Amino acid sequence: MNNTFNEQETVKLLGKLANIASPSGYTMDIMKFISGLLKEIGVQFKQTNKGALIATIPGENNERHRLLTAHVDTLGAIVKDVKSSGRLKLSMVGGFNWNAVEGECCTIHTASGKKIRGTILMHETSVHVYKGAGELPRNDEHIEVRVDEKVLNANDTRAIGIEVGDFVSFDPRFEVTETGFVKSRHLDDKASTALLLQLLKTIKTKKIELPYTTHFYISNNEEIGYGGNASIPSEVVEYIAVDMGAIGDGQATDECTVSICAKDSSGPYHYELTRQLVSLAKANVIDYKLDIYPYYGSDASAAIRAGYDIRHALFGAGIESSHAYERTHVDSLRNTAALLLAYVTSSMIDE
Numbered sequence: 003m004n005n006t007f008n009e010q011e012t013v014k015l016l017g018k019l020a021n022i023a024s025p026s027g028y029t030m031d032i033m034k035f036i037s038g039l040l041k042e043i044g045v046q047f048k049q050t051n052k053g054a055l056i057a058t059i060p061g062e063n064n065e066r067h068r069l070l071t072a073h074v075d076t077l078g079a080i081v082k083d084v085k086s087s088g089r090l091k092l093s094m095v096g097g098f099n100w101n102a103v104e105g106e107c108c109t110i111h112t113a114s115g116k117k118i119r120g121t122i123l124m125h126e127t128s129v130h131v132y133k134g135a136g137e138l139p140r141n142d143e144h145i146e147v148r149v150d151e152k153v154l155n156a157n158d159t160r161a162i163g164i165e166v167g168d169f170v171s172f173d174p175r176f177e178v179t180e181t182g183f184v185k186s187r188h189l190d191d192k193a194s195t196a197l198l199l200q201l202l203k204t205i206k207t208k209k210i211e212l213p214y215t216t217h218f219y220i221s222n223n224e225e226i227g228y229g230g231n232a233s234i235p236s237e238v239v240e241y242i243a244v245d246m247g248a249i250g251d252g253q254a255t256d257e258c259t260v261s262i263c264a265k266d267s268s269g270p271y272h273y274e275l276t277r278q279l280v281s282l283a284k285a286n287v288i289d290y291k292l293d294i295y296p297y298y299g300s301d302a303s304a305a306i307r308a309g310y311d312i313r314h315a316l317f318g319a320g321i322e323s324s325h326a327y328e329r330t331h332v333d334s335l336r337n338t339a340a341l342l343l344a345y346v347t348s349s350m351i352d353e
């Protein structure tokens, strides 16, 4: 395994990314932050009309390109209604279950730029008032935001600047344990974003020559299905989505290895490219697991659906409790970083 992985620096960057609110549709702040990092690294990049960032490292072969992508947008919500009580009804951004955020603190991002705190709760939370509250469905009708302002009705809430269409972000609660676990919301896919940014820094600082011109695509709409399916350079032959590995019953993926996906809900990934990733992991003594994610789609599969003629593959750190309060281990980050470096310095499968 390569020895270029800087654990402390990577985890510190991941913490910064996790603490910048970026639900799909509200990613301006984090893209500005990443733009600043790319300028510091000294890599050329461009921004797409949809707000994604594409950094490019020229390679020895400029006729056949590679592209690696990670997404920085996250789950979140939008204010659907200001209720007569002054509390807020929400509409989901991305796919998750309301019980995954019940009791979580949140921020309402108003049109004026003011940020107002709140808590996501069931309307029928108090056991002293609502009998059988624990049995009620966690859905749009019962979940609401309790606003941390003195508001008693809808007019009060609107008077402080909250309105339909305001974005709501969930507190990440980023934490690193003494045992090496990283706990936070939105590790999907800010863990991968941190790894790609660190890979770019490694390539530049160590003056690593890449065999092919390689693009690093930071997408900002993946959670709603179309983050990396446009603005792909025509020279791209291989497209790698760096995204979380799904953990659960029947899954091979764990929190300490890099997870290589053979198939998800969109179908199988490119067989030969996937096998090359496995071969690279073996050759470089990288701990990995090969897996299938049954209810999953990536920017790579979105690019295939958009009609791009590319070889696509998917791998990333194993993330426990995906789309809830997630967790991984620095070992998984380390193994994923090693496979990333091994891949970008390798030959294409037909050469």
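Mapped onto my numbering, the consecutive letters of the sequence shown carry residue numbers 3 to 353. We treat Cβ as the ideally placed atom computed from N, Cα and C, and that holds for glycine. In this text, all values refer to a predicted model and were calculated from it rather than measured experimentally.
Contact under 8 Å by Cβ, residue i with residue j
i: Gly318; j: Asp256; result: no
i: Phe176; j: Asn21; result: yes
i: Arg336; j: Glu11; result: no
i: Phe169; j: Gly27; result: yes
i: Ile220; j: Ala344; result: no
i: Leu275; j: Glu240; result: yes
i: Phe98; j: His272; result: no
i: Ala254; j: Lys284; result: no
i: Glu137; j: Ile122; result: no
i: Val74; j: Thr29; result: yes
i: Leu109; j: Ser37; result: Note that residue 109 corresponds to Thr in the displayed sequence, not to Leu. Not in contact: Thr109 and Ser37 (Cβ atoms no closer than 8 Å).
i: Glu225; j: Thr76; result: yes
Neighbourhood of residue i by C-beta distance below 7 Å, restricted to the same chain and skipping five residues each side
i: Cys349; result: Inspection of the sequence shows that residue 349 is occupied by Ser rather than by Cys. Counting only Cβ-Cβ distances below 7 Å, and skipping sequence neighbours, we find Pro213.
i: Met3; result: Only weak support is given to the placement of Met3: the predicted model assigns it a pLDDT of 49, under 50, and the value that follows is read from those uncertain coordinates. So the list reads Asn286, Val287, Ile288 and Ala340, once near-sequence residues are dropped.
i: Arg89; result: Glu146, Val147, Arg148 and Val149
i: Pro296; result: Ser267
i: Ser334; result: Glu257, Cys258, Thr259, Val260, Ala319 and Gly320
Terminal residues of the beta strand (DSSP E) in which residue i lies
i: Arg148; result: Ile145 to Val149
i: Arg140; result: That residue, Arg140, is in no beta strand (DSSP E); it is neither H nor E in DSSP.
i: Thr121; result: Lys117 to Met124
i: Thr6; result: Taken as a continuous stretch (DSSP letters only), Thr6 belongs to no beta strand (DSSP E), as it is neither H nor E.
i: Cys107; result: Cys107 to His111
i: Ile56; result: Leu55 to Ile59
i: Lys48; result: Gln46 to Gln49
Where the alpha helix (DSSP H) containing residue i begins and where it ends
i: Phe35; result: Met30 to Ile43
i: Ser334; result: Val332 to Val346
i: Val13; result: Glu9 to Ala20
i: Thr159; result: Ala156 to Ala161
Nonlocal neighbours in the same chain, by C-beta distance under 8 Å from residue i, ignoring five residues either side
i: Asp31; result: Ile22, Ala23 and Ser24
i: Asn63; result: Pro213, Tyr214 and Thr215
i: Thr204; result: Thr6, Ile210 and Leu343
i: Asp83; result: Leu90, Lys91 and Val166
i: Leu202; result: Leu40, Ile43, Val45, Ala57, Ile59 and Phe218
Beta-carbon separation (whole angstroms), residue i vs residue j, contact threshold 8 Å
i: Gly120; j: Arg160; result: Gly120 to Arg160, Cβ: 15 Å. No contact.
i: Leu55; j: Leu40; result: 7 Å
i: Glu126; j: His144; result: 7 Å
i: Asn231; j: Asp311; result: Not a contact, Cβ separation roughly 13 Å.
i: Asp173; j: Met246; result: Contact doesn't hold; Cβ gap of about 20 Å is too wide.
i: Val13; j: Val244; result: Actually they are not in contact, since the Cβ atoms of Val13 and Val244 sit about 17 Å apart, beyond 8 Å.
i: Val260; j: Thr195; result: About 16 Å separates the two Cβ atoms, so there is no contact after all.
i: Ala315; j: Ile234; result: Actually they do not touch by this definition, with Cβ atoms about 15 Å apart.
i: Ile43; j: Lys206; result: 5 Å
i: Ile294; j: Val280; result: The pair is not a contact, with the Cβ atoms about 14 Å apart (cut-off 8 Å).
i: Gly53; j: Asn222; result: 5 Å
Own chain partners of residue i with C-beta closer than 6 Å, once the 5 adjacent residues on each side are dropped
i: Gly163; result: Thr112, Ser114 and Lys116
i: His217; result: Ile56, Thr58 and Leu69
i: Glu151; result: Ile162
i: Glu322; result: Ile249, Glu257 and Arg329
CB contact below 8 Å: residue i versus chain B
i: Leu282; result: Although the question refers to chain B, the structure presented lacks it and comprises just one protein chain.
Beta strand (DSSP E) runs contained entirely in the stretch 262–320, provided each spans 3 or more residues:
290–294
What are the start and end residues of each continuous beta strand (DSSP E) run of 3 or more residues lying completely inside the stretch 171–253, in chain order?
183–186, 214–221 and 238–244
Just to confirm the assignment: which complete alpha helix (DSSP H) runs, minimum length 4, are found wholly within the stretch 73–102?
none
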